[in-house]
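Participant: In the numbering used here, the protein residues as written are 156 to 459.
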């Protein structure tokens, strides 16, 4: 692993943060991201960008971080004990966008790179990431488009790549205690080092670069859809599921908190407002029931 390789990954991630923020701001008439740079006592730091109270996006965060330390936290070593007591350097871009209109889905994306080193031992490195979509009032054509774009990101890397990482996304973003997926999925990959470095890096870039291509056309199509109090209340209720997943299951949240990352930047993924209702279920045949009946279990959207 060359120093130039690490620098190339960092430069790409910084550019990706810039490009995604610019693309999202293009949907907002006035509101812009605010930026805060921070440092971490144990090593490294980051660049947090948050957009709040927009016309289209009620809240969104796009984070870059590059942190290092003398040992990885338990969330990283529990299933990989060979990583224990290794010096690490982790960097990535992570984002969550919470739209204001209930007909626009919430979206999440993340791409990351990690190196773990120990004197006298080979360097361990890998890439990870993906993107997923969480609609409240889903449109079948939007879900198909989202997955077509996800498949497009994977095509030049092998015939089975999309199916493998689509399934991994379905499995990962599953709330076991609710017996439902967080949304309609997308891509998720981790521990990617089976190819040579250049190909792994290229795949991470392809995933990162396809996020706005997948998301912005859906935003543009749905952002002006009329809605009322009923739709808003359902959106806030379903946002509670997002909070449950991030606090109970999400590896990135656990890694950030356990590695003493910046708490405000880690928890910027939370929605600004969310509701919980006791023992609530949608009325049969209602638009809200459609989400439960057709979209919250793994599905082969593209038939491939």
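Where a beta carbon is used, it is the ideal one built from N, C-alpha and C, also for glycine.
Cutting at 6 Å between CB atoms, please list the residues of its own chain near residue 192, excluding the five before and the five after it.
Facilitator: 202
Participant: Roughly how many angstroms separate the alpha carbons of residue 344 and residue 332, rounded to a whole number?
Facilitator: 23 Å
Participant: With a threshold of 6 Å on Cβ separation, who are the neighbours of residue 176 within its own chain once the five nearest residues in sequence on each side are excluded?
Facilitator: 188, 204, 217
Participant: Quick check on residue 436: buried or exposed, where buried means 16 or more other Cβ atoms within 10 Å of its Cβ?
Facilitator: exposed
Participant: Round the Cβ separation of residue 164 and residue 199 to the nearest angstrom and send it over; I've been treating them as touching at under 8 Å.
Facilitator: Not really, about 14 Å apart at Cβ, beyond 8 Å.
Participant: Among the residues of its own chain, which have a CB less than 6 Å from the CB of residue 244, if the five just before and after it don't count?
Facilitator: 223, 270
Participant: For residue 280, which residues from the same chain have a beta carbon less than 8 Å from its beta carbon, with the 5 sequence-adjacent residues on both sides left out?
Facilitator: 156, 268, 269, 270, 271, 348, 352
Participant: Check whether the segment 245 to 259 and the segment 368 to 387 are in contact - that is, three or more C-beta pairs closer than 8 Å.
Facilitator: Counting Cβ pairs under 8 Å, three or more are found: they touch.
Participant: Using DSSP with H/G/I as helix, E/B as strand and the rest coil, what is residue 193?
Facilitator: strand
Participant: What are the complete beta strand (DSSP E) segments, minimum 3 residues, inside the segment 317 to 358?
Facilitator: 340 to 347
Participant: Within the same chain, show all residues whose beta-carbon is closer than 6 Å to that of residue 393, passing over the 5 residues directly before and after it, in chain order.
Facilitator: 291
Participant: Quick one: Cα of residue 365 to Cα of residue 305, how far?
Facilitator: 7 Å
Participant: Measure the alpha-carbon distance for residue 297 versus residue 373 and round it to whole angstroms.
Facilitator: When rounded, the separation of the alpha-carbon atoms in residue 297 and residue 373 is 6 Å.
Participant: Let me confirm a value: residue 415 is counted as buried when at least 16 other C-beta atoms fall within 10 Å, else exposed. Which label applies?
Facilitator: Residue environment analysis places residue 415 among the exposed positions, since fewer than 16 neighbouring C-beta atoms fall within 10 angstroms of its C-beta.
Participant: Which first and last residues belong to the beta strand (DSSP E) in which residue 314 is found?
Facilitator: Neither: residue 314 is in no beta strand (DSSP E) and is coded neither H nor E.
Participant: Please classify residue 295 as buried or exposed, where buried requires at least 16 neighbouring CB atoms within 10 angstroms.
Facilitator: Flag for residue 295 reads exposed.
Participant: For the segment 393 to 446, list the alpha helix (DSSP H) runs that are entirely contained and at least 4 residues long, ordered along the chain.
Facilitator: 406 to 413, 418 to 421
Participant: Is DSSP giving residue 363 helix, strand or coil here?
Facilitator: Shown here, residue 363 sits in a helix according to DSSP, grouped into three states.
Participant: Where do the N-terminal and C-terminal ends of the beta strand (DSSP E) with residue 239 fall, by residue?
Facilitator: Per DSSP, residue 239 belongs to no beta strand (DSSP E) and is neither H nor E.
Participant: According to DSSP, simplified to helix, strand and coil, what is residue 98?
Facilitator: Given that the chain is displayed from residue 156 to residue 459, the structure contains no residue 98 and the question cannot be resolved.
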